[in-house]
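Number of protein chains: 2
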Amino acid sequence: MTTKVFLNEDEIPRQWYNLAADLPTPLQPPLGPDGNPITPDMLAPVFPMNLIEQEVSTERWIDIPEEILGILYRWRPSPLHRAIHLEKALDTPAKIYYKNEGVSPPGSHKPNTAVAQAWYNKQFGIEKLTTETGAGQWGSALAFACSILGLECKVFMVRISFDQKPFRKIMMQTWGADCIASPSEETNAGREILKKMPDTPGSLGIAISEAVEAAVTDKSGKTRYSLGSVLNHVMLHQTIIGLEAKKQLDKLGVKKVDVVIGCAGGGSNFAGLAFPFVNDKINGAEIEIIPVEPTSCPTMTRAPFAYDHGDIAKMTPLLPMYSLGHDFVPPPIHAGGLRYHGMSPLVSQAIVEGLLKPRAIHQMECYDAAVLFARTEGIIAAPETSHALAATIQEAKKAKEEGKEKTILFNMSGHGLMDLGGYERFFQGALEDYPLPEEEIKKSLEPLKDLPKPSTAKTGKW
Amino acid sequence: MTTKVFLNEDEIPRQWYNLAADLPTPLQPPLGPDGNPITPDMLAPVFPMNLIEQEVSTERWIDIPEEILGILYRWRPSPLHRAIHLEKALDTPAKIYYKNEGVSPPGSHKPNTAVAQAWYNKQFGIEKLTTETGAGQWGSALAFACSILGLECKVFMVRISFDQKPFRKIMMQTWGADCIASPSEETNAGREILKKMPDTPGSLGIAISEAVEAAVTDKSGKTRYSLGSVLNHVMLHQTIIGLEAKKQLDKLGVKKVDVVIGCAGGGSNFAGLAFPFVNDKINGAEIEIIPVEPTSCPTMTRAPFAYDHGDIAKMTPLLPMYSLGHDFVPPPIHAGGLRYHGMSPLVSQAIVEGLLKPRAIHQMECYDAAVLFARTEGIIAAPETSHALAATIQEAKKAKEEGKEKTILFNMSGHGLMDLGGYERFFQGALEDYPLPEEEIKKSLEPLKDLPKPSTAKTGKW
Numbered sequence: 278m279t280t281k282v283f284l285n286e287d288e289i290p291r292q293w294y295n296l297a298a299d300l301p302t303p304l305q306p307p308l309g310p311d312g313n314p315i316t317p318d319m320l321a322p323v324f325p326m327n328l329i330e331q332e333v334s335t336e337r338w339i340d341i342p343e344e345i346l347g348i349l350y351r352w353r354p355s356p357l358h359r360a361i362h363l364e365k366a367l368d369t370p371a372k373i374y375y376k377n378e379g380v381s382p383p384g385s386h387k388p389n390t391a392v393a394q395a396w397y398n399k400q401f402g403i404e405k406l407t408t409e410t411g412a413g414q415w416g417s418a419l420a421f422a423c424s425i426l427g428l429e430c431k432v433f434m435v436r437i438s439f440d441q442k443p444f445r446k447i448m449m450q451t452w453g454a455d456c457i458a459s460p461s462e463e464t465n466a467g468r469e470i471l472k473k474m475p476d477t478p479g480s481l482g483i484a485i486s487e488a489v490e491a492a493v494t495d496k497s498g499k500t501r502y503s504l505g506s507v508l509n510h511v512m513l514h515q516t517i518i519g520l521e522a523k524k525q526l527d528k529l530g531v532k533k534v535d536v537v538i539g540c541a542g543g544g545s546n547f548a549g550l551a552f553p554f555v556n557d558k559i560n561g562a563e564i565e566i567i568p569v570e571p572t573s574c575p576t577m578t579r580a581p582f583a584y585d586h587g588d589i590a591k592m593t594p595l596l597p598m599y600s601l602g603h604d605f606v607p608p609p610i611h612a613g614g615l616r617y618h619g620m621s622p623l624v625s626q627a628i629v630e631g632l633l634k635p636r637a638i639h640q641m642e643c644y645d646a647a648v649l650f651a652r653t654e655g656i657i658a659a660p661e662t663s664h665a666l667a668a669t670i671q672e673a674k675k676a677k678e679e680g681k682e683k684t685i686l687f688n689m690s691g692h693g694l695m696d697l698g699g700y701e702r703f704f705q706g707a708l709e710d711y712p713l714p715e716e717e718i719k720k721s722l723e724p725l726k727d728l729p730k731p732s733t734a735k736t737g738k739w
Numbered sequence: 278m279t280t281k282v283f284l285n286e287d288e289i290p291r292q293w294y295n296l297a298a299d300l301p302t303p304l305q306p307p308l309g310p311d312g313n314p315i316t317p318d319m320l321a322p323v324f325p326m327n328l329i330e331q332e333v334s335t336e337r338w339i340d341i342p343e344e345i346l347g348i349l350y351r352w353r354p355s356p357l358h359r360a361i362h363l364e365k366a367l368d369t370p371a372k373i374y375y376k377n378e379g380v381s382p383p384g385s386h387k388p389n390t391a392v393a394q395a396w397y398n399k400q401f402g403i404e405k406l407t408t409e410t411g412a413g414q415w416g417s418a419l420a421f422a423c424s425i426l427g428l429e430c431k432v433f434m435v436r437i438s439f440d441q442k443p444f445r446k447i448m449m450q451t452w453g454a455d456c457i458a459s460p461s462e463e464t465n466a467g468r469e470i471l472k473k474m475p476d477t478p479g480s481l482g483i484a485i486s487e488a489v490e491a492a493v494t495d496k497s498g499k500t501r502y503s504l505g506s507v508l509n510h511v512m513l514h515q516t517i518i519g520l521e522a523k524k525q526l527d528k529l530g531v532k533k534v535d536v537v538i539g540c541a542g543g544g545s546n547f548a549g550l551a552f553p554f555v556n557d558k559i560n561g562a563e564i565e566i567i568p569v570e571p572t573s574c575p576t577m578t579r580a581p582f583a584y585d586h587g588d589i590a591k592m593t594p595l596l597p598m599y600s601l602g603h604d605f606v607p608p609p610i611h612a613g614g615l616r617y618h619g620m621s622p623l624v625s626q627a628i629v630e631g632l633l634k635p636r637a638i639h640q641m642e643c644y645d646a647a648v649l650f651a652r653t654e655g656i657i658a659a660p661e662t663s664h665a666l667a668a669t670i671q672e673a674k675k676a677k678e679e680g681k682e683k684t685i686l687f688n689m690s691g692h693g694l695m696d697l698g699g700y701e702r703f704f705q706g707a708l709e710d711y712p713l714p715e716e717e718i719k720k721s722l723e724p725l726k727d728l729p730k731p732s733t734a735k736t737g738k739w
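The structure is reproduced here in structure tokens:
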């Protein structure tokens, strides 16, 4: 039995799929500080115009430039596997398939958009990119992309991760990026924080402020900022995952997928796999599409659809999204990439439309799933990815209970070889779940009260 | 231009290539303590008889069992890449290709033989394997294989690595293996050492003694020992690398390879890529085949072809091989997998026959090569692999000087994501070369004097 499908380079998808073209209700615009919609020009100091055009595009298919394909070929098309060993261990009638995005040099799906963003910036004459990173998966992907394309790269890494995860920092340095701890002495934002709190461990909010400031204050005009998730153009670049998966399932003779699963922090790996299937669902296919989040950071399952800032410092525009409030600080779970208060506007809108069925799962169940996956399929998954694994196992067990031969597809978004510390603490019994009391969520939602409200368009069609 | 070639599962090689069938002079046998050849029966407490049969086989082609192929399919066939970006950076007329063995779940070529060995042991009724590991690449590969095949796995890990590289240990635990620091209280060998030297950092020699003792003293008779390099059957299992590479080069229309390169510690990744090309050379092809070792552990370039023990404790039979003497303790270079005093008898015999041109390179040049590779091709290589990279760059520069459009093929034997500490020290300027004075080598060769001598058969045919 064939358990793994490659595609040749000439079979790679040559266009990205843009869900914005097919959403029953048009995406609501980002708003500026005055409550009025942001215009593309207002974003120009932060992003290059060619990416801003993609951000607001409602074209269904967008050509992938040949040169970007040329770089993606280094590891793409990524393999599609059938998880027969996991199926056997679960004694399930379900058929489980997964895309393995862990085969990229930085080890995750992140370079799919890092390469595209670096390329468009270079086309626009940009010579340097700045970004922030938490645990380091995004920072290392952008360092990799900039290295290939000959751009400078500056990464502001949250201090506590910078100190605790030195290997991610070394990866970035190996690819030639300048990675420094945030808060730093290099920006006003950093200096102000350090004056007040010299011993702060830093936060993603602070690091975003520093990275944006470093981009917009660079007098050469040749520096821009790059974001690894949330935004529309990031979701767009990731759809190559789902488009490849469709071709591969086709090669295997799989006619229909019943359940599609991905973990979701900002939403990009989930969207990458799922959006081409959301398109099928809009066109009438019966399919359940599940973004999975940590119970301790329940953006999609317990927060409202609202206008909110993307960062704590309120430097970003207001985005229409599910949000726990920009002040929300998630508990210290190991899945650092899922510790985000908001959610991609495109994913959020798809939830509002009833196209997705979000699910929250606790940390311990996710590690149990990851260990079972490692001992059956042989791959050690990233802590983020373990949330997709846990939901997949839930669905496979449900299929057994119902006696249904369902086909499940999930995204193995990255390997966990840089995150083995979490596995160690799991084996030591030192990990825990973090159930979130209602009062805590209520409190974190307070700042949303004074912000504009999006119209929640529920068409009820699906 | 196509820069990466996959093979489909149905194109995978279905037989291993056994160089022992084609060596102009037959391989000389291992000798026992009395100086007489070891018989297969004498190895039976250590290895299962089906692997002993492979160890002594002179059949040219050996069928790969379907079930082993079924497991190898999880990551094989591994991709073959053309390193066009490295070529460009070197401005060389040479065409450079490489096999990427880093895509396996444990991240190196090691599972090619780990899976085969675990499978043959299971077929023979064995329920548990013991092994030793230094830096952890082999131990994690065997843990992975045993996890898939449902065997118990016990890894004796050199204490200093156990303490300094906790992530490798966690990998093994994630795959369900029992990994303990060596010397341990669990074996006579371990206890004796601990009595004398309670604070010893341990050594590969001690760990081998413990692993072999744990296997042969297990009263159930269901435990055997497993070795990750040096032996003939290990070289055999790795030849799938070179056999795949040939099919992939064929698909690319590459008619002739001029230079084949691999790093060599015990010899297995080098042999895996090179032996099918050694066969071509025996049959008259003009091709230069280069095993690369560290200048600080110059087994092939400065040691004699001799009979020597594989371990410091002299528990193993005498093997005919290039050896620096079983007491030799290599300097603390980061390429832990290349810190071995001996060399595979098959590789050694091929050197004696003049089929290979060994080369030694210093640590600093290797790290320079690895950083260039990371910043052009995008892949962070293991410190061992960096030796193959450095030789490849030397050959590419030579091709430029000579104005020749040579085709170079090397083995990217593993990624370096678990070994970033070496890169960090390199960037900090904390690494050094370790030139080896002649007196030191002379001294380490002393113990060889009293051992039997192999006949050095130089046919001079090539």
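Sequence lines, in order, name chains A and B. At the far end of the first sequence sits residue 739, using the numbering used here, and the numbering has no gaps. At the far end of the second sequence sits residue 739, using the numbering used here, and the numbering has no gaps. Even for Gly, the Cβ is constructed at its ideal location relative to N, Cα and C.
In the DSSP assignment, find the unbroken alpha helix (DSSP H) run with residue 320 of chain B in it and report its ends.
Note, residue 320 of chain B: alpha helix (DSSP H), 317-320.
Buried versus exposed, by CB contacts within 10 Å (16 or more), residue 641 of chain B:
Residue 641 of chain B should be labelled exposed.
Per DSSP, the bridge partner or partners of residue 405 of chain B
For residue 405 of chain B, which the question treats as bridged, DSSP gives the partners B:429, B:500.
Let me confirm a value: residue 738 of chain B is counted as buried when at least 16 other C-beta atoms fall within 10 Å, else exposed. Which label applies?
Bear in mind that a pLDDT of 35 at residue 738 of chain B, under 50, signals an unreliable position, so the number given afterwards is only what the model happens to contain. Note on residue 738 of chain B: under 16 other CB atoms within 10 angstroms of its CB, so exposed under the neighbour-count rule.
Residue 686 of chain B versus B:699, B:693, B:671, residue with shortest Cα-Cα distance:
Here the closest residue by C-alpha is B:671.
Identity of the residue in A:689, A:591, A:724, A:344 nearest residue 660 of chain A by Cα:
Looking at the Cα atoms, A:689 is the closest of the given residues.
So with Cβ pairs under 9 Å, would you call residue 682 of chain A a contact of chain B?
Output row for residue 682 of chain A: interface = no.
Neighbour-count burial assignment, residue 326 of chain B, 16 or more Cβ in a 10 Å radius:
Residue 326 of chain B counts as exposed, since fewer than 16 other beta carbons sit within 10 angstroms of its beta carbon.
Would you mind telling me which residues of chain A sit closer than 9 Å to residue 280 of chain B, beta carbon to beta carbon, in chain order?
Ordered by position in chain A, the residues that pass the 9 Å Cβ test against residue 280 of chain B are 286, 347, 350, 351.
Once you ignore the five residues that flank residue 477 of chain A on each side, which residues in its own chain have a CB closer than 8 Å to its CB?
Listed in chain order, the non-local C-beta contacts of residue 477 of chain A below 8 Å within the same chain comprise 436, 460, 470, 471, 483, local neighbours out to five positions each way being set aside.
Can you name the residues of chain A whose CB is closer than 7 Å to the CB of residue 444 of chain B?
Per Cβ cutoff of 7 Å: 697.
Mapping DSSP to helix, strand and coil, what is residue 770 of chain B?
This structure gives no information on residue 770 of chain B, because the portion of chain B shown stretches from 278 to 739.
Consider the Cβ of residue 621 of chain A: report whether some Cβ of chain B lies at a distance smaller than 9 Å.
No Cβ of chain B is located within less than 9 Å of the beta carbon of residue 621 of chain A.
Touching by the beta-carbon criterion (3+ pairs, under 8 Å), the segment 545-565 of chain A and the segment 708-721 of chain A:
Between the segment 545-565 of chain A and the segment 708-721 of chain A there are fewer than three inter-stretch CB-CB distances shorter than 8 Å, so the stretches are not counted as touching.
I want to verify the contact list: residues of chain B whose CB lies under 7 Å from the CB of residue 451 of chain A, in sequence order.
Ordered by position in chain B, the residues that pass the 7 Å Cβ test against residue 451 of chain A are 648, 651, 657, 700.
Alpha carbon to alpha carbon, what distance is there between residue 450 of chain A and residue 500 of chain B?
Spanning the two alpha carbons is a distance of roughly 45 Å.
Using C-beta distances below 7 Å, list every residue in its chain close to residue 625 of chain A, excluding the 5 sequence neighbours before and after it, in chain order.
Excluding sequence neighbours, residue 625 of chain A sits near 582, 597, 598, 599.
Please state whether DSSP places residue 344 of chain A in a helix, a strand or coil.
Residue 344 of chain A carries a helical assignment under DSSP once its states are collapsed to helix, strand and coil.
Determine, for residue 382 of chain B, whether the minimum Cβ-Cβ distance to residues of chain A falls below 9 Å.
Residue 382 of chain B counts as touching chain A.
Counting only runs that start and end within the segment 460-492 of chain A, where is the beta strand (DSSP E) found for 3 or more residues in a row?
You should have found no qualifying run.
Boundaries (first-last residue) of the beta strand (DSSP E) holding residue 514 of chain A
Counting along the chain, residue 514 of chain A falls outside any beta strand (DSSP E), though it belongs to the alpha helix (DSSP H) covering 509-515.
Look up residue 373 of chain A in the DSSP assignment and say whether it is helix, strand or coil.
DSSP places residue 373 of chain A in strand when its eight states are reduced to three.
What separation, rounded to the nearest whole angstrom, lies between the Cα atoms of residue 520 of chain B and residue 463 of chain B?
If you take the alpha carbons of residue 520 of chain B and residue 463 of chain B, they lie about 42 Å apart.
Beta-carbon proximity of residue 320 of chain A to residue 528 of chain A, cut-off 9 Å:
Not closer than 9 Å, so no.
Mind checking which residues open and close the beta strand (DSSP E) that includes residue 689 of chain A?
Note, residue 689 of chain A: beta strand (DSSP E), 684-689.
Please tell me whether, using a cut-off of 8 Å, the distance from the CB of residue 532 of chain A to the nearest non-hydrogen atom of the ligand ADP is below it.
Looking for the ligand ADP in the displayed structure turns up nothing, as the structure carries no ligands at all.
Can you name the residues that DSSP bridges to residue 598 of chain B?
DSSP lists B:583 as partners of residue 598 of chain B.
Can you check whether the C-beta of residue 385 of chain A is within less than 9 Å of a C-beta belonging to chain B?
At a cut-off of 9 Å between beta-carbon atoms, residue 385 of chain A makes no contact with chain B.
Less than 6 Å between C-beta atoms, sequence neighbours within five positions excluded: which residues of the same chain meet that for residue 380 of chain A?
Taking residue 380 of chain A as the centre and dropping the five residues before and after it, the same chain places the C-beta of 352, 355 closer than 6 Å to its C-beta, in chain order.
With three or more beta-carbon pairs closer than 8 Å as the criterion, would you say the segment 300-318 of chain A touches the segment 301-319 of chain B?
Fewer than three pairs of CB atoms, one per stretch, sit closer than 8 Å, so the segment 300-318 of chain A makes no contact with the segment 301-319 of chain B.
Where residue 605 of chain B and residue 706 of chain A are concerned, what is the direct C-alpha to C-alpha distance, given to the nearest angstrom?
Rounded to whole angstroms, residue 605 of chain B to residue 706 of chain A spans 42 Å at the Cα level.
Inter-residue CB distance, residue 291 of chain A and residue 368 of chain A (contact presumed, cutoff 8 Å)
The pair is not a contact, with the Cβ atoms about 41 Å apart (cut-off 8 Å).
Mapping the DSSP letters down to three states, classify residue 614 of chain B as helix, strand or coil.
Collapsing the DSSP output to three states places residue 614 of chain B in a helix.
At the 9 Å Cβ level, is residue 424 of chain A part of the contact set with chain B, yes or no?
Residue 424 of chain A has a beta carbon lying within less than 9 Å of a beta carbon in chain B.
Suppose you measure from the CA of residue 279 of chain B to the CA of residue 415 of chain A; what does that come to, to the nearest Å?
In this structure, the CA atom of residue 279 of chain B is about 28 Å from the CA atom of residue 415 of chain A.
Mapping the DSSP letters down to three states, classify residue 711 of chain A as helix, strand or coil.
Coil, per DSSP.
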